Structures are given as structure tokens and as C-alpha cells.
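Working notes, structure below.
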Amino acid sequence: MDALEAITQRVSIAQLTGPDVSDEQKTILAQAAMRAPDHAWMRPSRYLTIEGDARARLGQIFYEAQSAGKQLPDEKRQKMQGMLLRAPLVIVGITRVSEHPKVPRDEQILSTGAGIQNMLIAAHALGLGAIWRTGDMAHCQGVRAALGLADNEEIVGFLYVGHPNTSAKSVPVIDDPEFFTAWA
Ligand SMILES: Cc1cc2nc3c(=O)[nH]c(=O)nc-3n(C[C@H](O)[C@H](O)[C@H](O)COP(=O)(O)O)c2cc1C
637 MDALEAITQR VSIAQLTGPD VSDEQKTILA QAAMRAPDHA WMRPSRYLTI
687 EGDARARLGQ IFYEAQSAGK QLPDEKRQKM QGMLLRAPLV IVGITRVSEH
737 PKVPRDEQIL STGAGIQNML IAAHALGLGA IWRTGDMAHC QGVRAALGLA
787 DNEEIVGFLY VGHPNTSAKS VPVIDDPEFF TAWA
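Residue numbers (the numbering used here): 637 to 820.
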């Protein structure tokens with residue numbers, strides 16, 4: 637697929653299914669993430685892949701984090717436990733924030749965001765579907781601990797990747813005269 641087509645025609649796809657994302661496809665996604673811009677070459681990003689049974693195990697941790705020892709309604713329990721089963725592959729984008737005289741925290745997090753965006757586009761070019769999600773679980777201490785995050789690390793996104801189980805929505809048209817204008 638042409639690069640401009642991939643960038644301009646990509647849409648998020650929430651309904652994803654198997655088969656599993658292949659090792660070759662995962663390698664391309666990793667290469668795409670690695671080409672994110674990175675001020676001062678700090679290498680602030682790392683990515684964790686969650687697949688197979690690990691999705692249900694992390695889903696259980698989501699539920700335990702959400703319930704905080706209380707009994708939640710069945711519907712909520714199933715929602716939390718099944719959250720990561722919505723795609724065969726979930727990639728957690730993480731920023732290792734560190735002190736730098738020229739690179740503030742926001743720029744380090746943006747670099748991981750660019751990596752996630754690169755993977756969204758690469759997934760589309762590979763004929764896969766993907767969606768970037770965050771939500772409460774991205775900031776939850778129990779989830780952070782289970783994923784082995786250090787105190788200086790932040791979850792920037794959960795990138796759900798798989799095969800589209802629905803036809804892609806059409807590309808939204810932005811009709812905003814102020815979106816892209818010349819400064820004079
Ligand atoms: C940082 C970030 C976090 C997001 N978190 C969620 C989320 O938790 N749930 C969700 O449905 N969409 C979330 N989105 C939005 C989707 O990824 C997607 O951009 C949106 O559905 C619009 O679709 P489009 O990419 O096809 O325009 C998030 C987007 C960003 C940039």
C-alpha cells in the first residue's frame with residue numbers, strides 16, 4: 637500500500653478478531669514503532685505484547701483493580717475480564733520518563749504516542765485493524781505493578797490489533813476552515 641494512502645485512509649477499527657497477528661507482522665509493527673521521532677535519542681519508549689492466555693490473566697487483574705476487593709455486578713466483572721479479549725494482540729505503549737535538560741516529560745510521552753501512531757498506520761498497511769485505547773486501567777496502580785512498570789514509567793496506550801471483523805467506517809471529512817491555515 638502506498639504510504640500516503642495508508643496515512644490518509646486509516647481509520648480505527650474496534651471490532652477485531654483472529655487469527656493471531658503473525659511474527660512477521662509483529663516485527664513490522666515493532667519496526668514502525670522504532671521509527672518514532674525521539675528528541676535527543678533518549679529511547680524513552682518500550683512496548684509489551686499481550687496475547688493468548690495472557691489477555692485473560694491481565695483482564696482478571698483489570699477486574700481486581702476495578703473492584704478493589706468489592707463484589708461488582710456480573711456485567712461489570714465480565715466487561716473487565718473480557719476487555720483484552722477484544723483483539724488477538726494488545727500492545728502496551730510505555731514511556732520511561734527521565735530527567736533531561738532539553739527534553740521535557742511531555743516530549744518523551746509524545747514520542748511513544750508517535751510510535752503508537754506509526755503502528756496504527758503500519759497495521760492498516762498490513763491489512764490489519766487497530767485501535768488506540770487508554771481508560772482508567774492505563775493509570776491504575778495494580779495494573780502498573782502487574783505489568784512491571786517502574787515508578788518513572790507511564791502507560792501511553794493499549795493498542796488493540798487484529799483482523800477487522802467489520803467493514804471499516806468511511807474516513808471522516810473534517811470541514812474546519814481553521815484546521816490548517818497559513819499564519820500571516
Ligand atoms: C491517547 C488516546 C486515547 C484514546 N483512548 C480511547 C479509549 O480508551 N477508548 C476509545 O474508544 N477510543 C479511544 N481513543 C480514540 C480512538 O483511538 C480513535 O482515535 C477514535 O475512535 C477515532 O477513530 P479514528 O482513529 O478512526 O478517527 C483514544 C485516542 C487517543 C489518541
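C-beta: ideal position from N, C-alpha, C; glycine also.
Just so it is clear, the structure is predicted and the values come from calculations on it, not from any experiment.
{"Item": "DSSP state of Leu725 mapped onto helix, strand, coil", "Value": "strand"}
{"Item": "N-terminal and C-terminal residue of the alpha helix (DSSP H) that Ala669 is part of", "Value": "659-670"}
{"Item": "Residue environment, Phe815, which counts as buried when at least 16 other CB atoms sit within 10 Å", "Value": "exposed"}
{"Item": "Contact check, Val647 vs Gly798, beta carbons under 8 Å", "Value": "no"}
{"Item": "Cβ-based burial, Gln871 [other Cβ within 10 Å; buried from 16]", "Value": "Nothing can be reported for residue 871, as the shown portion of the chain is limited to 637 through 820."}
{"Item": "Range of the contiguous alpha helix (DSSP H) that encloses Thr644", "Value": "639-645"}
{"Item": "Beta-carbon proximity check, His736 vs Met678, cutoff 8 Å", "Value": "yes"}
{"Item": "Sequence-distant residues of its chain with Cβ nearer than 7 Å to Ala750 (five each side left out)", "Value": "Ala672, Pro673"}
{"Item": "Near ligand 1: Ile791 beta-carbon under 7 Å from a heavy atom", "Value": "no"}
{"Item": "Sequence-distant residues of the same chain with beta carbon closer than 6 Å to Leu665, five excluded per side", "Value": "Met755, Ala758"}
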